[in-house]
Amino acid sequence: MAVTLFIIRKFGGAIATMLTVSVLVFLALEVNVADVAVKVLGQFSTADQRTAWLAANGYNDPVVLRYLRWLGAFVTGDWGTSTYYRTEIASLIPGRLAASGILAGGALLVIVPVGLIAGVLAGMKPGSLLDRLVSLVSILTTSIPDFASAVFLSAVFVFWLKWLPGASTMLSGFSLAEIILPVLVLALYSTGYLARVTRASMVDVMGTHYVRTARLKGASPARIVLRHALRNALITPVTVIMLQFPWLLSGVIVVEVFYAYKGFGTLLYDAALNSDIYLVEACAMISVLVVVTTQILSDLAYSWLNPRVSLVDAAMGRS
Amino acid sequence: MRKAILPYITNPVVVIGAVLSFGWLFVAIFAPLLAPYDPIKTIAPLMQPGAANPAGGIFVLGTDMLGRDILSRLIYGARTVVVFATLATLTAYLVGVTLGLIAGYWRGRVDAVLSYFANVVLSFPVLVLYIVIIVVIGSSPFNIVLAVTFGSAPAIFRIVRGITMDVASRDYVAAAVTQGERAWRIMVFDVLPNATGPLAVDFCLRLGYTAITIGTLGFLGLGLPPPTPDWGTMVNEGRAMAIAFPHLVIFPCIAISSLMLGLSLLADGLREVSDAQGRRT
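Respectively, the protein sequence lines represent chains A and B.
Residues in the first sequence are numbered consecutively from 1, following full-length UniProt numbering.
Residues in the second sequence are numbered consecutively from 1, following full-length UniProt numbering.
What follows is the structure, encoded as structure tokens:
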């Protein structure tokens with residue numbers, strides 16, 4: 001009951017957000033009709049061609065009607081034709097999304113274990129040498145922008161040691177050597193961030209009464225951490241991991257552009273550089289959809305780990 | 001007052017962070033005195049770091065493909081970052097703080113509408129949002145400030161709204177209301193001072209993120225138009241030749257990373273000291 005209510009409310013909120021985003025995206029990119037014609041037909045089209053094209057594609061209708069038609073087509077999977085790639089956008093996106101999914105999945109395989117373990121180890125003994133080391137490394141990695149870490153890692157592994165290729169075009173199928181650098185660059189920031197959050201959460205939990213009681217009772221340090229501290233210490237980091245998705249999506253654009261990797265990020269980037277407005281619209285909507293979905297998952301994970309928060313309260317926005 | 005400042009200037013993290021951040025501010029202010037050459041003048045293309053200038057002197061960090069001195073471009077690039085990142089962060093704060101105070105103080109329908117739109121903007125991955133805005137309004141210095149304001153104001157709004165709701169329920173605010181104090185006076189003189197601690201920490205971090213955003217947009221070729229010396233744009237321009245001439249891209253990356261590191265350390269140190277003071281009182 002509570003779960004259903006929670007999910008219904010969350011989905012309602014997500015749909016409302018998506019609708020608002022769709023209005024904003026539509027208004028931003030399609031309200032200026034003359035501009036749309038120039039972007040679709042190119043700079044060198046004549047005024048007559050533009051007028052004819054606008055009339056043929058229903059651009060002379062009122063804006064509300066156009067929006068509703070656009071939304072209807074969008075929901076039913078008709079995302080229009082890309083003016084840059086000259087293909088159906090709906091057939092273009094799934095492959096690119098999957099390619100970026102591989103990149104993000106690889107990054108999570110680094111971020112989650114390394115970030116959590118480093119954070120827990122550092123937080124077990126605040127002020128220890130290990131703690132200081134983890135804090136130092138994580139503040140370093142969270143300070144370097146994605147494009148700069150791409151440059152630094154490439155300088156070491158591509159220019160200097162010559163171990164790895166400097167581009168990840170995947171021209172001859174999937175290549176493990178080509179994906180290592182993009183994954184590492186993408187993981188660098190979030191790993192440091194997750195380690196910091198986990199450390200802070202661990203320090204808090206290690207100072208609570210029940211951990212002190214366990215210690216007084218003579219439980220071994222391993223038992224204290226594994227049985228008593230870990231579950232509570234992981235509540236915040238797990239939600240943080242889910243909320244890293246929007247960040248990963250931003251990082252994906254930079255990393256893919258740097259390594260010429262054919263994924264969702266380069267798709268949006270090429271669309272933006274070439275004023276391919278229908279493709280920009282589709283990419284923007286899909287990225288917001290990804291973010292909204294991960295937010296719901298993050299809320300579910302939070303309440304699953306923390307039974308003190310009831311789903312009904314979470315659904316109503318009470319804390 | 002002196003007692004309050006002492007823990008800050010003796011904290012090593014704060015000191016290192018401040019040296020790095022204010023160091024770049026110093027470089028930005030005195031750029032014309034520090035730069036050995038004109039940052040947009042073609043002298044000799046693709047000189048390696050330390051190479052001698054045929055006309056006398058040396059190129060400490062080499063030159064780029066258009067023959068411009070990289071050290072001078074880095075030094076003037078500090079100006080670009082300091083001016084635009086500060087401007088964009090300040091306007092974002094102006095918008096975020098004003099709306100946050102209003103929403104947190106008045107609550108009700110105003111708050112519901114503002115919070116809803118803040119959530120909508122925050123559901124965009126930041127870079128996607130900036131790319132869409134730049135596609136729509138084009139890339140110019142003013143538009144970049146506008147895009148950053150639009151993108152970061154909602155997060156500031158949320159922080160200020162939270163603090164305001166907390167502070168507004170305190171007795172001294174109730175007392176001010178009973179005295180007939182005007183709402184804006186309460187917001188500015190009673191609520192805002194209580195938010196300065198968390199906001200100072202957030203400001204340092206956000207300044208760094210804005211610098212990174214401007215750098216990233218430059219790296220993507222969507223940033224400030226050339227020949228403005230900008231660190232991100234330098235990386236973008238040098239990328240194609242980076243294998244043969246790594247100095248084209250490495251130095252601008254070191255510059256932006258050191259600035260961000262300085263600001264993160266400063267933010268971290270400020271939080272550490274203010275937490276410690278909070279525990280003592």
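By construction, the Cβ of each residue, glycine as well, lies at the ideal position given by its N, Cα and C atoms.
Counting only beta-carbon separations shorter than 7 Å, does residue i have a partner in chain A?
i	result
B:Gly223	no
B:Ile256	yes
residue 282 of chain B	Nothing about residue 282 of chain B can be read from this structure; chain B reaches only from 1 to 281.
residue 282 of chain B	Residue 282 of chain B lies beyond the residue range present for chain B, which begins at 1 and ends at 281; the question has no answer from this structure.
B:Ser123	yes
B:Met260	yes
B:Phe219	yes
B:Val132	yes
B:Ile250	yes
B:Val95	no
B:Val235	yes
B:Gly269	no
B:Gly215	yes
B:Met1	Any answer about B:Met1 is weak, because its pLDDT of 44 lies below 50 and its placement is not dependable; what the coordinates show is given next. Not one chain A Cβ lies under 7 Å of B:Met1.
Is there at least one Cβ from chain B nearer than 7 Å to residue i's Cβ?
i	result
A:Arg318	At A:Arg318 the pLDDT is 47, less than 50, meaning the model places this residue with poor confidence and gives no usable figure here.
A:Ala122	no
A:Ser143	yes
A:Val291	yes
A:Leu188	no
A:Ile111	no
A:Pro182	no
A:Ser298	no
A:Ala55	no
A:Thr20	yes
A:Val280	yes
A:Ala177	no
By the three-class DSSP mapping on this structure, what secondary structure does residue i have?
i	result
B:Thr10	coil
B:Ile40	coil
A:Asp131	helix
B:Thr63	strand
B:Ala35	coil
A:Ala107	helix
B:Asp268	helix
B:Asp275	helix
A:Asp276	coil
A:Asp78	coil
B:Ala52	strand
For the alpha helix (DSSP H) containing residue i, list its first residue and its last residue.
i	result
B:Phe219	192–219
A:Asn232	230–233
residue 327 of chain A	Nothing in the structure corresponds to residue 327 of chain A, since chain A is present only between 1 and 319.
A:Arg86	That residue, A:Arg86, is in no alpha helix (DSSP H); it is neither H nor E in DSSP.
A:Arg50	47–56
A:Asp146	146–154
A:Thr213	209–216
B:Glu181	From DSSP, B:Glu181 is part of no alpha helix (DSSP H); its letter is neither H nor E.
A:Trp70	63–75
A:Gly192	176–206
Along chain A, which residues have their Cβ under 7 Å away from the Cβ of residue i?
i	result
B:Pro246	Ala155, Phe159
B:Cys253	Ala148, Val151, Phe152
B:Thr10	The premise fails here: B:Thr10 is roughly 18 Å from chain A at the closest Cβ pair, so nothing lies under 7 Å.
B:Leu266	Chain A residues near B:Leu266: none, gap ~11 Å exceeds 7 Å.
Under 7 Å between beta-carbons, which chain B residues line up against residue i? List them in chain order, please.
i	result
A:Gly166	Ile243
A:Pro126	Those within 7 Å of A:Pro126 in chain B number zero; the least Cβ separation is about 12 Å.
A:Ile253	Leu127
A:Ser303	Per Cβ cutoff of 7 Å: no residues; A:Ser303 is ~19 Å from chain B at best.
Report whether the distance from the Cβ of residue i to the nearest heavy atom of the ligand NAP is below 6 Å.
i	result
B:Asp230	This structure lacks the ligand NAP, and indeed carries no ligand of any kind.
Kindly list, in the order they appear in chain A, the residues whose Cβ is closer than 8 Å to that of residue i.
i	result
B:Phe22	Ordered by position in chain A, no residue passes the 8 Å Cβ test against B:Phe22, which lies about 16 Å from the chain.
B:Thr210	Those do not exist, as B:Thr210 stays about 12 Å from chain A at its closest Cβ, beyond 8 Å.
B:Asn119	Thr17
Under 8 Å between beta-carbons, which chain B residues line up against residue i? List them in chain order, please.
i	result
A:Tyr193	Correct list: empty, because the minimum Cβ distance to chain B is about 11 Å.
Interface residues of chain B around residue i at Cβ under 9 Å?
i	result
A:Thr236	Correct list: empty, because the minimum Cβ distance to chain B is about 17 Å.
**Study point:** Ordered list of alpha helix (DSSP H) runs contained in the segment 107–167 of chain B, each at least 4 residues
**Key:** Qualifying alpha helix (DSSP H) stretches, in chain order: 108–122, 126–137.
Practice item. Would you list, in sequence order, the uninterrupted alpha helix (DSSP H) runs of no fewer than 4 residues that lie entirely inside the segment 229–256 of chain B? Key: Correct list: 231–238.
Review point. Enumerated in chain order, which unbroken segments of the alpha helix (DSSP H) with a length of 4 residues or greater are wholly contained in the segment 19–43 of chain A?
Key: Annotation note: the segment 19–43 of chain A contains the following uninterrupted alpha helix (DSSP H) runs of length 4 or greater, listed N- to C-terminal: 33–41.
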